[in-house]
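Working notes, beginning with the structure itself.
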Amino acid sequence: MSELGVAMIFPNVRGSDGYGKSFLKLDNGFHRDDSYKDIGALLDWIATQPTLDSGRVMAFGGSYGGHMTWATAAFYGDRIKCALPIVGMSNLVTFLEHTEAYRRDLRRAEYGDERDPAMRTYLEKIAPMNHLDAMHMPIFAVVGKNDPRVPWTESRQILDKLNAQGTPTWFLMANDEGHGYAKKKNRDFLFDAEVLFIQRYLM
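Residue numbers (numbering that gives the first Met the number 0): 0 to 202.
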């Protein structure tokens, strides 16, 4: 993005790998939203940097990074200009209920078991899907129709509600893709769409 004059920052929030087992588990279960707070700390840091513009920040990420993008829009909506979640979960409860069965137990061990009433209440409380009031910035959601990991409905269900409240939204679904875009023609189209979105809403 250097051609556009955009700096890209990749934070290692709690739960990131490469920092040991203890760090990896810091956002498990009832600590899920602790990782969201790390984004708040990042936004604080950006505001102290003379070479960065804290008034023009876009949240961007794919897969779990897409979930973090939704969470940033939900909990720090007044501090970003736009958001671009790619194949991200908007509600960990509906995600766990609809992801492929072969992945469900592994994800429950990390995110929490949505069948447990206390955990379900917690996950619903922190779900970006349930914090729409803060989301008034433009949002561009990208999905693959054949995604076995994060069903495309995770993005569509929240976009429908955002549209109803007047939030500007873009939606791109590739009918021949899964969890991310593998085909060159689709990657090229997505890249051009991302640049257009950035030029229109971030620059």
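For every residue, glycine included, the Cβ atom is placed at its ideal position computed from N, Cα and C. These figures come from a predicted structure and were not determined experimentally.
8 Å contact criterion, which residue i and residue j should meet: CB distance rounded
i, j, result
"HIS178", "PRO147", "7 Å"
"GLY84", "GLY65", "The question names Gly, but residue 84 is Pro in the sequence shown. Yes, PRO84 and GLY65 are in contact; Cβ-Cβ is about 4 Å, under 8 Å."
"LYS182", "ASP175", "7 Å"
Helix, strand or coil at residue i according to DSSP, with G and I counted as helix
i, result
"ILE79", "coil"
"THR120", "helix"
"GLY54", "coil"
"PRO84", "strand"
"PHE9", "coil"
"ALA142", "Here the sequence assigns Val to residue 142, which means Ala is not the residue at that position. Strand."
"GLY61", "strand"
"LEU23", "helix"
"VAL207", "Look at the range of the chain in this structure, 0 to 202, and you will see that residue 207 is not part of it."
"SER34", "helix"
"GLN48", "coil"
"ALA126", "coil"
"GLY28", "helix"
"GLY17", "coil"
"LEU42", "helix"
"LEU131", "helix"
"MET67", "helix"
Residue burial classification, residue i (beta-carbon count within 10 angstroms, cutoff 16)
i, result
"MET67", "buried"
"PRO49", "exposed"
"TRP44", "exposed"
"GLY19", "exposed"
"TYR110", "buried"
"MET202", "exposed"
"TYR35", "buried"
"ILE8", "exposed"
"THR71", "buried"
"GLY14", "buried"
"SER154", "buried"
"GLU193", "buried"
"VAL141", "buried"
"ARG114", "exposed"
"ALA40", "exposed"
"GLU99", "exposed"
"GLU2", "exposed"
"PHE59", "buried"
"VAL56", "buried"
"LEU158", "buried"
"TYR101", "exposed"
"PRO116", "exposed"
- Taking contact to mean at least 3 C-beta pairs separated by less than 8 Å, is the stretch 89 to 99 in contact with the stretch 117 to 132? yes
- Is it true that the stretch 62 to 79 meets the stretch 135 to 142, where meeting means three or more beta-carbon pairs spaced less than 8 Å apart? Here the stretch 62 to 79 lies against the stretch 135 to 142, with 3 or more beta-carbon pairs under 8 Å apart.
- Ranges of the beta strand (DSSP E) found wholly within the stretch 160 to 185, counting only runs of at least 3: 168 to 173
- Query: Are the stretch 21 to 30 and the stretch 50 to 57 touching by the rule of at least three beta carbon pairs closer than 8 Å?
  - Reply: no
- Message: Which complete beta strand (DSSP E) runs does the stretch 90 to 121 hold, if anything under 3 residues is left out?
- Response: none
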